[in-house]
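**Q** First, the structure itself, so that you have it in front of you.
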Amino acid sequence: MIAMDHVALLDPRAMHRLVGARVRYQGERWRIGDVLPEEGMLVLVAEDDEVQDDAYGRPHRLTPRTIKLHVRTPAGAPTEHWRELELIGLAPETARASSPR
19 MIAMDHVALL
29 DPRAMHRLVG
39 ARVRYQGERW
49 RIGDVLPEEG
59 MLVLVAEDDE
69 VQDDAYGRPH
79 RLTPRTIKLH
89 VRTPAGAPTE
99 HWRELELIGL
109 APETARASSP
119 R
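Under this note's numbering, residues 19 to 119 are what the sequence shown spells out, in order.
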């Protein structure tokens with residue numbers, strides 16, 4: 019497992035390259051589904067699904083859980099959420115770009 023590099027927090031392009039990466043957060047496996055660099059947030063998508071109820075409270079369909087994490091303070095410093103993330107797999111296009119040819 020690889021610790022998340024806090025330098026990526028300051029570069030929006032570097033943050034966007036994290037989309038698709040697999041991470042561990044609070045003991046669970048997630049995928050980075052989206053990046054909101056202006057807000058300093060990551061959207062994590064769970065690897066497992068949960069039942070979503072319809073408007074009447076009846077089980078309706080399976081959907082992945084998502085959470086939004088503030089990973090950067092307004093001053094640009096990493097938050098506790100960022101420090102808890104562990105990178106366990108790069109996004110496929112990032113892995114190809116960083117591998118030696």
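Backbone N, C-alpha and C fix where the C-beta goes; we use that ideal spot for every residue, glycine too. None of the values given here were measured: they were computed from a predicted structure.
Quick check on the DSSP output: the beta strand (DSSP E) that includes PRO82 runs from which residue to which?
**A** Residues 77 to 88.
**Q** Nearest-angstrom Cα distance between GLY58 and VAL69?
**A** Each residue's Cα considered, the two are about 29 angstroms apart.
**Q** Would you kindly report the start and end of the unbroken alpha helix (DSSP H) that includes GLU98?
**A** First-last of the alpha helix (DSSP H) with GLU98: 98 to 102.
**Q** Taking all protein chains shown into account, decide if LEU96 is buried (16 or more other Cβ within 10 angstroms of its Cβ) or exposed.
**A** According to the sequence shown, residue 96 is Pro rather than Leu. With 16 or more Cβ atoms within 10 Å of its Cβ, PRO96 is classed as buried.
**Q** Ordered along the chain, which non-local residues of its own chain (more than five positions away) have a Cβ less than 6 angstroms from that of ALA32?
**A** Result list for ALA32: ALA26, in chain order.
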